[in-house]
Amino acid sequence: EPEVTQTPSHQVTQMGQEVILRCVPISNHLYFYWYRQILGQKVEFLVSFYNNEISEKSEIFDDQFSVERPDGSNFTLKIRSTKLEDSAMYFCASISHWNSPLHFGNGTRLTVT
Amino acid sequence: LAKTTQPISMDSYEGQEVNITCSHNNIATNDYITWYQQFPSQGPRFIIQGYKTKVTNEVASLFIPADRKSSTLSLPRVSLSDTAVYYCLPTRDDKIIFGKGTRLHILP
């Protein structure tokens with residue numbers, strides 16, 4: 179069964195550094211999402227992306243964050259200047275069409291020191 | 208966006224049937240109801256989806272009454288490996304929001 183893949187599985191960075199989290203969604207999927215989950219808390223929506231542009235974003239997704247689909251297969255989340263509170267699991271997800279279930283990757287654990 | 212309410216936690220024993228109910232009073236006409244399961248340090252995993260009445264697959268059943276203001280996930284004969292967090296979500300548009308879910312703990 180095709181799956182969403184995320185790299186790296188774990189990223190450690192220093193406060194103030196830029197990080198790029200990478201995702202390869204399922205190949206025929208058209209809608210892409212990033213979520214984050216701080217340890218012990220709920221899964222939080224960050225952003226949705228369709229047709230090469232952001233469809234929706236949450237209040238968490240401020241100017242520090244950006245997303246890109248640079249080459250038709252990868253979907254990236256960039257955090258420009260990381261803060262301690264950005265430490266979390268970041269999940270990428272994709273769907274093939276409206277109302278279809280989300281397919282999640284295994285996540286990237288980001289640790290900001 | 209439809210808001211959902213689920214029990215925060217539930218305990219059950221191996222071999223029992225577990226029913227988790229979610230209320231979504233302001234669900235929109237075009238919303239489907241989708242349930243996900245999440246284990247620690249993993250992404251949520253799709254379990255089942257429905258619009259109304261009953262849907263069954265190899266792992267669960269989903270009951271949605273005619274008014275669609277609630278839904279019930281039924282897990283037959285649970286095992287220890289069903290210990291996880293379960294989320295119900297209305298799904299329709301770009302902003303698919305997870306609630307706090309139900310933490311299900313299966314005891315031996």
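From first to last, the protein sequence lines stand for chains S and U.
Mapping to the numbering used here: the first sequence position 52 is 230, numbers consecutive.
Mapping to the numbering used here: the second sequence position 100 is 307, numbers consecutive.
Note that the Cβ used here is the ideal one computed from N, Cα and C, for glycine as well.
Limits of the unbroken beta strand (DSSP E) element including residue i
i                 : result
Ala291 of chain U : 291-298
Phe193 of chain S : It is Met, not Phe, that sits at residue 193 of chain S in the sequence shown. It is not in any beta strand (DSSP E) - Met193 of chain S carries neither H nor E in the DSSP assignment.
Glu246 of chain S : 243-246
Thr211 of chain U : Premise fails: Thr211 of chain U is in no beta strand (DSSP E) and is neither H nor E.
Glu222 of chain S : 222-228
Asn277 of chain S : Where Asn277 of chain S is concerned, there is no enclosing beta strand (DSSP E), given that its DSSP letter is neither H nor E.
Arg287 of chain S : 286-290
Arg214 of chain S : 209-215
Contact check, residue i vs residue j, beta carbons under 9 Å
i                 : j                 : result
Lys235 of chain S : Val225 of chain S : yes
Ile273 of chain S : His188 of chain S : no
Ser230 of chain U : Ser277 of chain U : yes
Glu246 of chain S : Phe253 of chain S : yes
Thr236 of chain U : Cys295 of chain U : no
Phe227 of chain S : Tyr209 of chain S : yes
Ile303 of chain U : Tyr211 of chain S : yes
Gln195 of chain S : Cys270 of chain S : no
DSSP-derived helix/strand/coil call for residue i
i                 : result
Asp361 of chain S : Missing from the structure shown is residue 361 of chain S; chain S here goes from 179 to 291 and no further.
Leu287 of chain U : helix
Gly257 of chain U : strand
Ile303 of chain U : coil
Thr236 of chain U : coil
Glu231 of chain S : strand
His312 of chain U : strand
Val262 of chain U : strand
Val202 of chain S : strand
Ser281 of chain U : strand
Rounded distance between the beta-carbons of residue j and residue i, thought under 8 Å
i                 : j                 : result
Ile227 of chain U : Arg310 of chain U : In fact, because the Cβ distance is near 10 Å, the residues do not count as touching under 8 Å.
Phe253 of chain U : Pro279 of chain S : 4 Å
Arg275 of chain U : Gly222 of chain U : Not confirmed; about 31 Å, so no contact.
Ser251 of chain S : Val182 of chain S : In fact, because the Cβ distance is near 12 Å, the residues do not count as touching under 8 Å.
Tyr293 of chain U : Gln249 of chain U : At roughly 13 Å, the Cβ-Cβ gap does not stay under 8 Å, so Tyr293 of chain U and Gln249 of chain U are not in contact.
Ala273 of chain U : Lys261 of chain U : About 12 Å; that fails the 8 Å criterion.
Which residues, in order along the stretch 226-244 of chain S, keep a beta-carbon less than 8 Å from a beta-carbon of chain U? Ser226, Tyr228, Ser233, Glu234, Ser236
Output, in sequence order along the chain, the residues in the stretch 212-245 of chain U whose CB is closer than 7 Å to any CB in chain A. The chain labelled as chain A is not found among the protein chains of the depicted structure, namely S and U.
What residues in the stretch 186-211 of chain S bring their beta carbon closer than 9 Å to a beta carbon of chain U? Tyr209, Tyr211
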